[in-house]
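In this note's numbering, the protein residues as written are 4 to 294.
This is the structure we're talking about:
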């Protein structure tokens with residue numbers, strides 16, 4: 004407000020800064036996810052010195068993506084599975100993600116010079132069991148399928164190198180998205196990995212929530228495969244891994260797994276909850292989620 008020359012704009016900015024104006028500020032700015040440029044366009048009379056403007060704008064935070072390929076199978080590359088962020092605000096304003104939109108705009112086929120994208124690598128939460136005979140359940144709706152694609156590719160490369168000499172544990176993969184026709188990530192690859200006498204994936208289950216009147220999610224597919232889930236977790240000392248959006252999905256999946264444990268294991272609710280806590284403590288139930 005200090006730099007605004009228009010009295011109405013100055014008054015509005017003062018209101019935003021006051022304790023009683025916080026709800027209005029939330030509606031205007033936070034809920035609408037307005038950028039610095041958009042705010043300055045709305046308050047054109049506020050002419051900040053460039054040095055002060057720059058000092059108030061933080062650096063863009065790095066974006067984290069799960070690696071979707073195996074370095075054992077593809078030693079000279081690292082693939083990611085990225086959703087291009089596009090959404091509409093409550094006031095019907097179209098918005099796009101900064102990083103995902105930029106990456107999607109890069110056209111390698113017409114580039115006259117290489118694109119240089121700064122990247123770094125950090126360790127994630129997932130670890131495949133050291134014992135290769137241990138069965139694993141992988142649940143990855145949407146782009147959450149990325150780390151499990153890399154793990155399955157790794158297993159495929161290990162099996163090809165091993166040439167049938169070892170006994171590998173079962174892998175069950177659960178994927179979910181909106182529409183089968185346009186949202187089935189790596190469809191042909193999953194068909195290949197889960198078929199044939201030397202299938203890498205014992206069972207692949209896909210849920211598509213918008214293809215039918217009744218919405219079907221990954222937790223519903225888990226319920227359909229309750230015998231396999233209980234066999235892995237209750238009988239074979241197996242592992243459960245979950246990746247994806249951090250809103251409702253992780254709780255829905257965990258509740259479904261607990262219900263399977265309760266019914267298939269003949270437990271009461273308290274025993275089932277204790278069973279799940281033991282899985283957590285032994286890192287046999289691990290999740291990586293993001294918002």
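From the three backbone atoms N, C-alpha and C, an ideal C-beta is built for every residue, glycine too.
Computed from a prediction, not measured in an experiment: that's the story for all the values here.
In this model, residue 180 and residue 152 are separated by some 15 Å (Cα to Cα). Remark: C-beta atoms of residue 49 and residue 25 do not approach each other more closely than 8 Å.
By the Cβ test, the stretch 198-206 is not in contact with the stretch 243-252, since fewer than three Cβ pairs between them sit closer than 8 Å. Between residue 178 and residue 148, the CB-CB gap stays under 8 Å. Note that the C-beta distance between residue 172 and residue 137 is below 8 Å.
Here the stretch 69-82 makes contact with the stretch 153-165; the two share three or more CB pairs at distances below 8 Å. With contacts defined as CB atoms closer than 8 Å, residue 140 and residue 235 qualify as a contacting pair. Excluding sequence positions up to five before and after residue 239, its CB lies within less than 7 Å of the CB of 138, all in the same chain and listed in chain order.
The beta-bridge partner set that DSSP reports for residue 245 consists of 142 and 290.
Residue pairing by DSSP places residue 24 opposite no residue, since no beta bridge is assigned to it. Looking at the DSSP output, residue 178 shares a beta bridge with 209. Here DSSP, grouped into helix, strand and coil, assigns residue 90 to strand. A distance of 8 Å or more separates the beta carbons of residue 268 and residue 241. Per DSSP, residue 164 is one residue of the alpha helix (DSSP H) stretching across 149-165.
Here residue 99 is exposed, its C-beta having fewer than 16 other C-beta atoms within 10 Å.
A direct Cα-to-Cα measurement between residue 143 and residue 51 gives close to 46 Å. Straight-line measurement puts the Cα of residue 68 at about 11 Å from the Cα of residue 126. Secondary structure at residue 263: helix, using DSSP grouped into helix, strand and coil. Exposed is the label assigned to residue 59, since fewer than 16 other Cβ atoms lie within 10 Å of its Cβ. Comparing C-alpha distances from residue 257 to each of 288, 53 and 31 shows the shortest one belongs to 288.
Under the DSSP assignment, residue 99 falls in the beta strand (DSSP E) whose first and last residues are 97-99. In this structure, residue 175 and residue 206 form a Cβ contact; the two beta carbons are roughly 5 Å apart against a cut-off of 8 Å. Under the DSSP definition of a beta bridge, residue 70 partners with 83.
In the DSSP assignment, the residues bridged to residue 7 are 49.
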